[in-house]
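Input: a single structure, listed below in structure tokens.
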Amino acid sequence: MPANDSSSDSKATVPTSADAGFEQVQQLLDMANRSRQASLNALRTSSARTSKLAVEATTKTIAYSQTAATASAEHLSRLTQIRDFKEAAELQAEFVQSRLSAFRDYLRDLGKTVETTLTDLTSD
1 MPANDSSSDS KATVPTSADA GFEQVQQLLD MANRSRQASL NALRTSSART
51 SKLAVEATTK TIAYSQTAAT ASAEHLSRLT QIRDFKEAAE LQAEFVQSRL
101 SAFRDYLRDL GKTVETTLTD LTSD
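Counting from 1, one number per residue, gives the positions in the sequence shown under UniProt numbering.
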């Protein structure tokens, strides 16, 4: 009879171990769920800032493109009125220099915008 008692004790501990294992799995799932939620929250914040950066960069690019198109149209208008090769070369050099300067300013402004956004992202 004592053998039966030991086997019944053995069976009694199996469900307890299974219950403990189930509880551990449940705790791991809860921890994973909390981690997932924290990641989603961080992604939403990051995504909103990234979207803001995309909008700002697109706005700056459109403004730069519009300015460049206007400058090109004015340059072509002035260029068609010139009859001297030397004057045309000087006008062309002036135009290229002004466009390079404008492009450098555009890139500097865009770089500052990106830097500010990335700094904000890493500070959170």
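Where is the CB? At the ideal position from N, CA and C, for every residue including glycine.
- In the three-state scheme derived from DSSP, where H, G and I count as helix and E and B as strand, I82 is classed as coil.
- The stretch 69 to 86 makes no contact with the stretch 47 to 59; the number of CB pairs closer than 8 Å stays below 3.
- Within the same chain, E56 come within 6 Å of T113 by CB-CB distance, once the 5 residues on both sides are set aside.
- Contact check for R99 against A68 passes: the beta carbons are separated by less than 8 Å.
- Within the same chain, and ignoring the five residues on either side of L107 in sequence, no residue has its Cβ closer than 6 Å to its Cβ.
- With a cutoff of 8 Å on beta-carbon distance, I82 and L76 are scored as not near each other.
- Non-local C-beta neighbours of T80 in its own chain, meaning closer than 6 Å and more than five positions away in sequence, are absent.
- With respect to the 8 Å criterion, T119 and K52 are not classified as neighbours on the basis of their beta carbons.
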